[in-house]
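Let me begin by presenting the structure, written as structure tokens, before commenting on it.
Residue numbers (the numbering used here): 424 to 807.
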């Protein structure tokens, strides 16, 4: 549904490339950024198409002309590596108008790894660009940027989201103040129909280091379902806000949740908590090929293969956060999985999950791509 809404908003039209050359500024340290006018050597401010780039300690050294890249030619290539290279080049060159154009196109086509790459590039540039009038005060700036994130119907919202992320601050434990969005606004953002607004709210929750159980439950829920843009931000935010609690929930869900959820949990552990996530991933490798009812020993633990899934009190983020909180603040996870109790229960591992987790553990262990299950387990044993 979210993809449909976003597609309708962006209208699947590939913006034609600009035929005229565009001015770029090159600062003394080597930063490149698009300019709406001819930048002069010594400039400390560059006017971009989407706001002001302030560079008070890194003046413009020179300027040059550039044209649109070739990304439109690569949109339908089976091999997307060329498109990924184009996104990387546009980001490195600060070609903001083309980054916005490719983001609009990719978002309308669906959410893929390259879409996420382009989204992150725009967010990163947004953190360095002043999007609003300078006369506004600190609190007003936060409110205004949030308005821009919510009101934009295209990828320029990502630039505003980046600027907002750069300015937001966690509440100071000593003063009780901070430049941030309220919990109410963050919750509204996470429920917004736009994936970009949801993503921005999740990233802000991480920046503000929220500990509210209801909001963390939304982040945990978002780390499992929804499109890639929201899932990526919610997973990072959940890990940032609840740390080992989030990793523990991903772990127990990987061991015993439904097959569809287990695939996502494996990806979360691999991408957002690789250091702590490697061990549970190796346990899945060890359990691969084992039948229900089978019992075996692995890595100081006794493993029993089971059929049943997790109880609702653990599988439901809302129930989990209600039971793991006190006084409106999240508490640490009680007994970390894979380290307590006499027997560890793992659901039978489907072939698709086994193959996916094997590939991830091979990468995390730094083994050759063609390494077998036995070689992974041997490498883990030697590492331990």
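Note that the Cβ used here is the ideal one computed from N, Cα and C, for glycine as well.
It should be emphasised that the depicted structure is a prediction, and the values quoted were computed from it without experimental measurement.
Got a sec? Which residues, its chain only, sit under 7 Å from residue i by beta carbon, not counting five neighbours each side?
| i | result |
| --- | --- |
| residue 551 | 476 |
| residue 716 | 728 |
| residue 581 | 526, 542, 545, 546, 549, 619 |
| residue 450 | 478, 481, 482, 483, 484 |
| residue 691 | 646, 658, 673 |
| residue 472 | 457, 459, 519, 520 |
| residue 682 | 773, 776 |
| residue 833 | The displayed coordinates of the chain run from 424 to 807. Any statement about residue 833 would go beyond what the structure contains. |
| residue 677 | 685, 688, 689, 692, 703, 707 |
| residue 665 | 639, 753 |
| residue 462 | 446, 448, 469, 483, 486 |
| residue 740 | 640, 643, 644 |
| residue 433 | Note that residue 433 scores 44 on pLDDT, short of 50, meaning its location in the model is unreliable and no value can be drawn from it. |
| residue 579 | 473, 523 |
Given a cut-off of 8 Å on the beta-carbon distance, is the pair residue i and residue j in contact?
| i | j | result |
| --- | --- | --- |
| residue 694 | residue 688 | no |
| residue 519 | residue 506 | no |
| residue 590 | residue 622 | no |
| residue 704 | residue 783 | yes |
| residue 661 | residue 639 | yes |
| residue 641 | residue 613 | yes |
| residue 627 | residue 587 | yes |
| residue 781 | residue 708 | yes |
| residue 444 | residue 490 | yes |
| residue 474 | residue 553 | yes |
| residue 569 | residue 604 | yes |
| residue 636 | residue 751 | yes |
| residue 537 | residue 510 | yes |
| residue 759 | residue 667 | yes |
| residue 785 | residue 794 | yes |
| residue 562 | residue 602 | yes |
| residue 802 | residue 788 | yes |
For the beta strand (DSSP E) containing residue i, name the first residue and the last one.
| i | result |
| --- | --- |
| residue 724 | 724-729 |
| residue 766 | 766-770 |
| residue 720 | 718-721 |
| residue 446 | 445-450 |
In chain order, what residues of the same chain lie with their CB nearer than 6 Å to the CB of residue i, ignoring the 5 residues before and after it?
| i | result |
| --- | --- |
| residue 645 | 653, 657 |
| residue 376 | Nothing can be reported for residue 376: it is not among the residues displayed for the chain, which extend from 424 to 807. |
| residue 487 | 447 |
| residue 585 | 546, 549, 550 |
| residue 435 | Because the pLDDT at residue 435 is just 46, under 50, the model does not fix this residue reliably, and the point stays unresolved. |
| residue 721 | 709 |
| residue 713 | 728 |
| residue 711 | 772, 777 |
| residue 517 | 455, 456, 457 |
From what residue to what residue does the alpha helix (DSSP H) around residue i run?
| i | result |
| --- | --- |
| residue 538 | 536-549 |
| residue 778 | 774-788 |
| residue 707 | 697-710 |
| residue 798 | 796-806 |
| residue 500 | Looking at the DSSP string, residue 500 is not in any alpha helix (DSSP H), and its letter there is neither H nor E. |
| residue 614 | Where residue 614 is concerned, there is no enclosing alpha helix (DSSP H), given that its DSSP letter is neither H nor E. |
| residue 603 | No alpha helix (DSSP H) holds residue 603; DSSP gives it neither H nor E. |
| residue 573 | 561-574 |
| residue 679 | 667-679 |
| residue 751 | Unbroken run through residue 751: none, as it is neither H nor E. |
| residue 741 | 740-746 |
| residue 583 | 579-590 |
Spatial neighbours of residue i within its chain, please: CB distance less than 8 Å, with the 5 preceding and 5 following residues excluded, ordered by chain position.
| i | result |
| --- | --- |
| residue 428 | No answer about residue 428 holds up, because its pLDDT of 38 lies below 50 and its placement is not dependable. |
| residue 696 | 662, 669, 670, 673 |
| residue 743 | 640, 643, 672, 736, 737 |
| residue 394 | As displayed, the chain neither begins before 424 nor continues past 807, which places residue 394 out of reach and without an answer. |
| residue 799 | 705, 708, 781, 784, 785, 788, 790 |
| residue 500 | 506 |
Point to revise | Contact between the segment 765-780 and the segment 726-746 (3+ Cβ pairs under 8 Å) | key: yes
Check your understanding: Contact between the segment 641-654 and the segment 746-754: three or more CB pairs below 8 Å?
Key -> no
Practice item. Counting only runs of 3+ residues fully inside the segment 459-491, write out the beta strand (DSSP E) ranges in chain order. Key: 468-471, 474-477, 483-489
Check your understanding: Unbroken alpha helix (DSSP H) runs of length 4 or more, entirely within the segment 504-531: which are they?
Key -> 504-516
Practice item. Identify every run of the alpha helix (DSSP H) within the segment 621-653, keeping only runs that are complete inside it and at least 4 residues long; order them along the chain. Key: 636-645
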